[in-house]
Every structure is written in structure tokens, then in C-alpha cells.
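Worksheet: the structure to be examined is printed underneath.
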Amino acid sequence: MDLFEANVMAFGDGDNDIELLHMSSHSYAMENASPALLQVADQIAPHHKDQGVLTILEDYLGLS
């Protein structure tokens, strides 16, 4: 499967997600993410307890 950076949206909350966010064109750190990840991400998603990923996806897909 060929994935291109332009087609990848990634979400993370910990330092182990730094490389993943670097490899994606749409990178989101959760509001409750580690300080290091917050520095890497292009955008901040709402806290995971507030369904942050769902909120971003609904907005991106025009479902909100």
C-alpha cells in the first residue's frame, strides 16, 4: 500500500508519536499531549475525554 504524506492525518498524545506526526501532512496533538509532542504538531485537537479525534474528523469531513 502506497501512502503519501499528503494523504495522512495523524493524532498523538505521547513522545512515541513524534515520528508519526513528522511523517504526516495533517498532524494533531491531543490537548492533553506531552509538551514535546505539542511542539511538533501542526494543530491541537481537543482533549481525548472530549472526543477530540471525532471532533476533528467530523469537521474535516464536513459532518459537524
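Numbering (full-length UniProt numbering), first residue to last: 1 to 64.
All C-beta atoms in this analysis are idealised placements derived from N, C-alpha and C, irrespective of residue type, glycine included.
Query                                                                                                  : Result
Buried versus exposed call for L37 [16 or more other C-beta atoms within 10 Å across all chains shown] : buried
Under 8 Å between C-beta atoms of M30 and F11                                                          : yes
Complete beta strand (DSSP E) runs within the region 29–62 (minimum length 3 residues, chain order)    : 43–45
Selection from P46, S25, S64 that minimises the alpha carbon distance to A6                            : S25
Pairwise C-alpha distance: L54 and Y60                                                                 : 10 Å
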